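Chains as they are written, first to last, in the working numbering: chain F, 2 to 243; chain B, 49 to 123.
Read the structure below first, then the notes.
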Amino acid sequence: MSVYGRGLRGLAIATVLTITAAFALVFFYAPLDADQGFVQKIFYVHVPMAITALCGFVLGGVLGGMYLRTGERKWDIRSYVAIHMALIFGVGTLITGGIWAKASWGHWWVWSDPTLTSFLIVMLLFATYQPLRFSIEDPERQSRYASVFAVVAGAFVPLNFIAVRAAQGYVHPRVLTLTGGNLPGSMRLTFVIALVGMGLLYVTLWKYEMSAKATRMQVRALRRALLGEDSVAPLKRSAAPS
Amino acid sequence: MSWFVAVAPALPLHTAGKYVAGAYIVFLALVLVYVAIMASRLARTERELAELRRDVELRRQSEAQDPDRQREPVA
Chain F
2 MSVYGRGLRG
12 LAIATVLTIT
22 AAFALVFFYA
32 PLDADQGFVQ
42 KIFYVHVPMA
52 ITALCGFVLG
62 GVLGGMYLRT
72 GERKWDIRSY
82 VAIHMALIFG
92 VGTLITGGIW
102 AKASWGHWWV
112 WSDPTLTSFL
122 IVMLLFATYQ
132 PLRFSIEDPE
142 RQSRYASVFA
152 VVAGAFVPLN
162 FIAVRAAQGY
172 VHPRVLTLTG
182 GNLPGSMRLT
192 FVIALVGMGL
202 LYVTLWKYEM
212 SAKATRMQVR
222 ALRRALLGED
232 SVAPLKRSAA
242 PS
Chain B
49 MSWFVAVAPA
59 LPLHTAGKYV
69 AGAYIVFLAL
79 VLVYVAIMAS
89 RLARTERELA
99 ELRRDVELRR
109 QSEAQDPDRQ
119 REPVA
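As structure tokens, then:
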């Protein structure tokens, strides 16, 4: 078992339990929102997913920085998987956000809202990460360029977040602030558990993919060692590090 | 089931329910699709591993039948 597979089962069980608890709290404990009513329940899946996606992008940048510092390939793979996972969470955020916008505002998308537009910009920025990797054939150069991209784009995420928070003309509700915000206790508890569940899901899926990649690499290395170089089919050009 | 129905709050499913259900289904579908893709990749790795095991076994058998044959270097 690879280092990434260790503790994966326990983590997966903890993730399932936390997310199930969070969803139970969403529908059976958290009160209906006075303003939006039942539609506000989307908040508990949409916002934790958005926060996790943004943290995943930043994590990808940090791991990319580790690759540039050490030159060890494992950091590039970790950065790649972190960004890959964050993109999946980001797609989920955009879709659930669109559904919530349609239910609340009557439109699938509101261009005048800085939160929506800035998240889309971050997503589009990171959507170019894989094509960038794919366009470079040499694995070392691919890792180096991708890591530089991950660091720069990762640094853009908190800057973007601060810029949006500073903007005044928004229609997006602000319920989470450093001073406590305006979420009642039961809603806050539900949200925190949903956020923890989403974070655990991200870590579990990251470990799962890392474990699968590490196992595949070991199989290829074993085949090469036992049966010779010719026994292993050459890797096709790929965005994924191997 | 009757207990569940009794404790379940009266959710306004006729109005916003479809949107809320849609959002949660999107989340679950994303996770399921991802896990399914990863499972298919894992199955491919398992197939390769079984193939490798078979190749090693064949190699071992041929070496047992012909012990004088020089072993190929293993990296």
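Beta carbons are placed, not taken as given, at the ideal position from N, Cα and C, and that holds for glycine.
Computed from a prediction, not measured in an experiment: that's the story for all the values here.
The three-state secondary structure of F/Asp36, taken from DSSP, is coil. The criterion of a C-beta distance shorter than 8 angstroms is not satisfied by F/Ser80 and F/Ala167. Excluding its 5 nearest sequence neighbours in each direction, F/Leu201 has C-beta neighbours in its own chain below 8 angstroms: Leu12, Ala15, Thr16, Thr19 and Ile20, listed in chain order. At the C-beta level, F/Ala51 and F/Thr94 come within 8 angstroms of one another. Interface flag for F/His47 against chain B is set, since a Cβ pair is found closer than 8 angstroms. In this structure, F/Leu26 and F/Phe162 do not form a Cβ contact; the two beta carbons are roughly 27 angstroms apart against a cut-off of 8 angstroms.
Assignment of F/Arg74 by DSSP, reduced to helix, strand and coil, places it in the helix class. With a threshold of 16 other beta carbon atoms within 10 Å, F/Glu210 meets it and is buried. Here B/Gln109 is exposed. Its C-beta has fewer than 16 other C-beta atoms within 10 Å.
Under the Cβ criterion (8 angstroms, minimum of three pairs), the region 120 to 131 of chain F counts as touching the region 74 to 92 of chain F. Under the 8 angstroms Cβ criterion, the region 68 to 84 of chain B counts as touching the region 96 to 110 of chain F, having at least three qualifying pairs. At a cut-off of 8 angstroms, the C-beta of B/Glu96 has a neighbouring C-beta in chain F. CA-to-CA, the gap between B/Val104 and F/Ala31 works out to about 59 angstroms. Per DSSP, the unbroken alpha helix (DSSP H) holding F/Ser212 starts and ends at Gly186 to Leu228.
The continuous stretches of alpha helix (DSSP H) do not include F/Ile43, and DSSP gives it neither H nor E.
Within the region 53 to 97 of chain F, there are no complete beta strand (DSSP E) runs of at least 3 residues. The DSSP-derived three-state label of F/Val111 is coil. For B/Arg89, the chain F residues whose C-beta falls within less than 7 angstroms of its own C-beta are Ala213, listed in chain order. Between F/Val48 and F/Gly155, the gap from beta carbon to beta carbon reaches 8 angstroms or more. A direct Cα-Cα distance of roughly 24 angstroms separates F/Val220 from F/Tyr68. With fewer than 16 neighbouring CB atoms inside 10 Å of its own CB, B/Lys66 falls in the exposed class. In this structure, F/Tyr203 sits near F/Thr53, with a CB-CB distance shorter than 8 angstroms.
Taking F/Asp114 as reference, the option from F/Gly98, F/Leu126 and F/Leu125 with the minimal CA-CA separation is F/Gly98. Under the three-state reduction of DSSP, F/Glu138 is assigned to coil, being neither helix nor strand. Per DSSP, reduced to three states, the secondary structure at F/Val4 is coil, with no helix or strand assignment. Against F/Leu223, the close residues of chain B are Leu100, in the order they occur along the chain (beta-carbon pairs closer than 8 angstroms). Sorting F/Ala164, F/Trp109 and F/Ile100 by C-alpha distance to the C-alpha of F/Val123 places F/Ala164 at the top.
Rounded to whole angstroms, B/Arg101 and F/Gly229 show a C-alpha spacing of 15 angstroms.
Contact annotation for F/Ile96 against chain B: Val74 [CB-CB distance below 7 angstroms, chain order]. A Cβ-Cβ separation of about 11 angstroms leaves F/Ile96 out of contact with F/Ile43 under the 8 angstroms criterion.
Within 8 angstroms of the CB of F/Trp101, the CB atoms of chain B belong to Tyr67 and Ala71, in sequence order along the chain.
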